[in-house]
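For what it's worth, the working numbering labels the leading residue of the sequence shown as 860, then goes sequentially.
We put the CB at the ideal spot given by N, CA and C, even for glycine.
Model, not experiment: these values are computed from the prediction.
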Amino acid sequence: MPAPPREGEAETHHWLNPDASCWENKDFDNLDLNQLAAMDSMVESMIQMWRARDDALKKIIKRQQDKS
860 MPAPPREGEA ETHHWLNPDA SCWENKDFDN LDLNQLAAMD SMVESMIQMW RARDDALKKI
920 IKRQQDKS
């Protein structure tokens with residue numbers, strides 16, 4: 860799995876770019892098992908990133924509320 864892009868690079872990374880050719884063909888039926896496994900791994904990593912982001916945001920909100 861590639862590392863997440865740096866700020867401003869998202870446009871060049873196919874897995875973050877909805878306009879990339881891999882999304883244009885939408886021909887997921889013809890992917891092999893390795894490609895599907897890579898997609899599964901990518902999605903799982905993204906879910907983990909969002910959960911970590913959500914946890915961090917909750918902590919920030921709690922700290923702000925505790926200061927009030």
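Run of the alpha helix (DSSP H) containing residue i, from where it starts to where it stops
| i | result |
| --- | --- |
| Leu-890 | Where Leu-890 is concerned, there is no enclosing alpha helix (DSSP H), given that its DSSP letter is neither H nor E. |
Distance, residue j Cα to residue i Cα
| i | j | result |
| --- | --- | --- |
| Asp-891 | Lys-918 | 41 angstroms |
| Gln-924 | Asp-888 | 49 angstroms |
| Gln-907 | Arg-922 | 23 angstroms |
| Leu-895 | Arg-912 | 26 angstroms |
| Asp-899 | Arg-910 | 17 angstroms |
| Asn-893 | Ser-904 | 16 angstroms |
| Ile-920 | Met-901 | 29 angstroms |
8 angstroms CB neighbourhood of residue i in its chain, flanking five on each side removed
| i | result |
| --- | --- |
| Ser-927 | none |
Heavy atom of the ligand SAH within 8 angstroms of residue i beta-carbon
| i | result |
| --- | --- |
| Asp-888 | Looking at this structure, you won't find the ligand SAH or any other ligand, since it has none at all. |
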